[in-house]
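First the structure, in the form of structure tokens, and then the observations on it.
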Amino acid sequence: MAVTVVEEKLMEMLIHTSPSLFSFTYTLQSAIDSMSSFQSTHPFLKHPRTVAVIPCPFSGGQPRAGVDKGPKELLAAGLLEGLQSLGYSTVLDELKLPTSAAGLDAPVGILKNSRLVSEANQELTKLVSKHAGLGQLVLTLGGDHSLAIGTVSGTLETYPEACLIWIDAHADINTPQSTTSGNLHGCPLSFMLSSIHAGKDLEPFTWIKPCLDPARLVYIGLRDVDEGERKILKEHKIRCFSMHDVDRHGIGKVMEMALEAVNSGLKRPIHLSFDVDALDPTVAPSTGTPVRGGLTFREGHYICETIYETGCLVSMDLMEVNPNLKSASDVTQTLSVGQSLIRSALGETLL
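Going by full-length UniProt numbering, the letters in the sequence shown line up with residues 1 to 351, in that order.
Written as structure tokens, this is what we have:
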């Protein structure tokens with residue numbers, strides 16, 4: 001930030017008349033300069049202070065009603081205002097859902113609502129890719145976690161070398177062959193990983209490009225993993241930090257190891273996918289597949305704070321908030337936690 005001749009004279013006057021006031025003015029100016037520098041020198045985003053918010057009122061990847069209401073309730077609770085208070089401008093661009101009826105979507109093998117999930121994610125891929133291509137930070141609000149097919153695919157269209165940090169109680173890496181439920185919110189990663197490519201010969205998923213190298217995926221918070229998923233994780237040598245690892249090392253060390261595993265030197269863009277069921281049910285009760293023994297409030301926020309500090313975040317999704325579940329106070333609590341996680345990932349600090 002350039003200093004004019006007039007400003008130089010004012011500074012000289014401040015030095016002679018009030019050294020303490022000058023010190024404060026200089027400190028404030030330094031902070032403004034630092035913020036301006038961060039805004040203009042983000043390594044990946046052309047417009048790092050603009051957040052494209054994409055609400056996705058979609059529930060087709062799982063059977064419980066209400067998760068489609070999550071985006072609307074997060075917005076009604078003040079999400080945009082919270083981002084704006086952090087100095088961001090926001091662009092709202094809601095996903096236009098498929099018109100085909102879920103009840104007419106016959107199973108593909110064991111998979112439920114396959115056409116519906118495929119159509120929604122194909123449109124979401126385009127939407128995320130559009131805003132990522134404009135250099136905006138993309139924030140997608142789910143909806144169920146099958147939508148990660150679209151959020152990750154869209155992000156990697158613009159940032160093909162991006163890494164994926166997946167915060168979840170579940171691995172969500174079942175294939176069409178290994179899933180026992182047929183619910184596609186438990187399968188998104190198998191469609192995106194280049195070493196699996198679950199949609200290769202499977203209509204209606206043949207449009208999905210296997211865009212993610214397993215070496216660029218890391219999990220944090222796992223504690224409910226199917227037997228078939230365990231085999232997949234081991235076979236493809238995917239780095240995982242379960243709740244056992246969090247308990248043993250602490251979340252600070254886990255984050256160090258996770259970032260070293262997928263983004264050594266912080267040279268890659270980051271997509272953060274955060275399923276609120278990664279948190280303990282006492283922290284985020286209103287979600288469809290809660291599992292006890294999860295991340296604490298502070299552990300979840302530390303993850304988001306650390307990712308912000310890398311300066312590499314280009315895209316985030318927050319999934320599986322279900323306002324239909326639990327009591328009114330539980331819903332309010334879960335919505336509040338979801339919002340604060342997002343704000344932490346976008347720079348809100350404790351002090």
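Note that beta-carbon positions come from the ideal geometry of N, C-alpha and C, so glycine has one too. Keep in mind the model is a prediction, meaning the values are calculated, not measured.
Do you know offhand how far residue i's Cα is from residue j's?
i: valine 283; j: glycine 338; result: 10 Å
i: lysine 234; j: proline 214; result: 11 Å
i: alanine 52; j: glutamine 84; result: 12 Å
i: tyrosine 26; j: glutamate 161; result: The predicted model places tyrosine 26 with a pLDDT of 39, which falls under 50 and marks its position as unreliable; any figure quoted below should be read in that light. Their Cα atoms are separated by approximately 40 Å.
i: aspartate 201; j: lysine 209; result: 12 Å
i: threonine 334; j: leucine 74; result: 9 Å
i: glutamate 203; j: serine 344; result: 39 Å
i: leucine 21; j: leucine 86; result: Per-residue confidence for leucine 21 stands at a pLDDT of 41, beneath the threshold of 50, marking its modelled position as unreliable; no derived number is given.
i: leucine 141; j: arginine 248; result: 32 Å
i: methionine 192; j: methionine 243; result: 25 Å
i: glutamate 94; j: serine 59; result: 15 Å
i: serine 190; j: leucine 97; result: 23 Å
i: leucine 279; j: glycine 300; result: 7 Å
i: isoleucine 307; j: leucine 313; result: 7 Å
i: proline 63; j: aspartate 330; result: 21 Å
i: glutamate 157; j: histidine 197; result: 16 Å
i: aspartate 245; j: leucine 127; result: 36 Å
i: threonine 179; j: isoleucine 54; result: 29 Å
i: proline 281; j: methionine 257; result: 26 Å
i: valine 254; j: phenylalanine 241; result: 7 Å
i: valine 5; j: leucine 341; result: Because valine 5 sits at a pLDDT of 36, beneath the cut-off of 50, its placement in the model cannot be relied upon, and the point is left open.
i: serine 23; j: proline 48; result: Here the model assigns serine 23 a pLDDT of 44, short of 50, so the residue's position is not dependable and the matter cannot be decided.
i: asparagine 113; j: glycine 250; result: 39 Å
i: serine 129; j: glycine 154; result: 4 Å
i: lysine 181; j: alanine 120; result: Looking at the sequence provided, one finds serine at residue 181 rather than lysine. In a straight line, the C-alpha of serine 181 is about 20 Å away from that of alanine 120.
i: leucine 351; j: isoleucine 238; result: 36 Å
i: proline 107; j: leucine 212; result: 27 Å
i: glycine 252; j: arginine 268; result: 20 Å
i: leucine 124; j: leucine 111; result: 20 Å
Between residue i and residue j, which are expected to be in contact by the criterion C-beta below 8 Å, what is the C-beta distance as a whole number of angstroms?
i: valine 135; j: cysteine 56; result: Here residue 135 turns out to be glycine, not valine, going by the sequence shown. Wrong, their Cβ atoms sit about 21 Å apart, outside the cutoff.
i: arginine 223; j: glycine 294; result: 7 Å
i: histidine 145; j: valine 138; result: 17 Å between Cβ atoms; not a contact.
i: isoleucine 149; j: isoleucine 303; result: Actually they do not touch by this definition, with Cβ atoms about 22 Å apart.
i: valine 218; j: isoleucine 270; result: Not really, about 10 Å apart at Cβ, beyond 8 Å.
i: leucine 272; j: methionine 316; result: 4 Å
i: lysine 326; j: proline 285; result: 5 Å
Go through its chain and collect everything with a Cβ distance to residue i's Cβ below 8 Å, but skip five positions before and after it.
i: glycine 311; result: Phe38, His42, Pro43 and Leu266
i: glutamine 122; result: Gly150 and Trp207
i: arginine 292; result: Asp280 and Pro281
i: serine 336; result: Ala77
For residue i, I'd like the list of residues in its chain whose CB is within less than 7 Å of its CB, leaving aside the five on either flank, ordered along the chain.
i: threonine 17; result: A caution first: threonine 17 carries a pLDDT of 45, below 50, which makes its placement in the model too unreliable to give a value.
i: glycine 109; result: Pro176
i: serine 195; result: Pro214 and His236
i: glutamate 227; result: none
i: glycine 199; result: Phe191, Phe205, Thr206 and Ile208
i: glycine 347; result: Leu86 and Tyr308
i: threonine 332; result: none
i: threonine 296; result: Asp280 and Val283
i: alanine 133; result: It is glycine, not alanine, that sits at residue 133 in the sequence shown. Same-chain partners within the cutoff: Thr158.
i: alanine 65; result: Ser59 and Asn324
Go through its chain and collect everything with a Cβ distance to residue i's Cβ below 6 Å, but skip five positions before and after it.
i: asparagine 263; result: Cys163
i: lysine 46; result: Gly135
i: valine 91; result: Ala52
i: aspartate 275; result: His145, Asp168, Met319 and Glu320
i: leucine 79; result: Gln339
i: valine 117; result: Gly60, Gly61, Ser146 and Leu184
i: threonine 50; result: Ser89 and Gln136
i: aspartate 277; result: Ala169, Thr287, Thr289, Pro290 and Glu320
i: glutamate 305; result: Ser344
Nearest chain C C-beta to residue i closer than 8 Å, yes or no?
i: alanine 148; result: No chain C appears in the structure shown, which is made up of a single protein chain.
Does the stretch 184-192 touch the stretch 157-174, meaning 3 or more C-beta pairs lie closer than 8 Å?
Of all C-beta pairs linking the stretch 157-174 to the stretch 184-192, three or more are shorter than 8 Å, placing the two stretches in contact.
Tell me the start and end of each unbroken beta strand (DSSP E) in the stretch 102-144 that is at least 3 residues and wholly inside, in chain order.
Counting only runs of 3 or more, we get 136-141.
Can we say the stretch 63-74 touches the stretch 308-325, given the rule of at least three CB pairs closer than 8 Å?
Taking a contact to require three or more Cβ pairs closer than 8 Å, the stretch 63-74 and the stretch 308-325 qualify as touching.
For the stretch 253-279, which segments carrying the beta strand (DSSP E) assignment without a break, of at least 3 residues, lie completely within its bounds, in sequence order?
Complete beta strand (DSSP E) runs here, min 3: 270-275.
Secondary structure, alpha helix (DSSP H): runs of 4+ residues fully inside the stretch 46-99
Runs of the alpha helix (DSSP H) lying entirely within the stretch 46-99, each at least 4 residues long, are 70-76 and 79-85 in chain order.
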